[in-house]
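Novice: Numbering (the working numbering), first residue to last: 19 to 121.
Note that the Cβ used here is the ideal one computed from N, Cα and C, for glycine as well.
1) Rank 80, 28 and 79 by C-alpha distance to the C-alpha of residue 56 and give the top, closest one.
2) Pick from 19, 45 and 23: whose alpha carbon is nearest that of residue 105?
3) For residue 50 and chain E, any beta-carbon pair shorter than 8 Å?
4) According to the neighbour-count rule (16 or more other Cβ atoms, all chains shown, within 10 Å of its Cβ), is residue 42 buried or exposed?
5) Sort 90, 103 and 107 by Cα distance to residue 23 and report the nearest one.
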């Protein structure tokens, strides 16, 4: 869903920035500047939409809305905080893959 899409979008821009020679901190910063606003907007819109299930009388549907909204917001926080920390630290060696010479 949206959490995976946000992660892939951020990773793609990070790898592209790294392949252009940027250091990991700068690559993460540029990726967040490019992707961050869209990530926040889509996650908030989807969460608000899921919270519209709250007024229903069916307890299971109400809980589903709350849990899914919480999941989307948690994934957003992980993408904005945890993933950049990993990309600057342990995963900073990731670069754009070189095209293979095999056809």
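Specialist: On the basis of the data shown:
1) Here the question's residue 56 lines up with position 38 in the chain shown. With distances taken between Cα atoms, residue 56 lies closest to 28.
2) As a working mapping, residue 105 is identified with position 87 in the chain shown. Here the closest residue by C-alpha is 45.
3) Structure shown: chain E not included; a single protein chain is present.
4) Reading the chain shown from its first residue, position 24 is the one you call residue 42. Residue 42 comes out buried.
5) As a working mapping, residue 23 is identified with position 5 in the chain shown. If we check each option's Cα against that of residue 23, 90 comes out closest.
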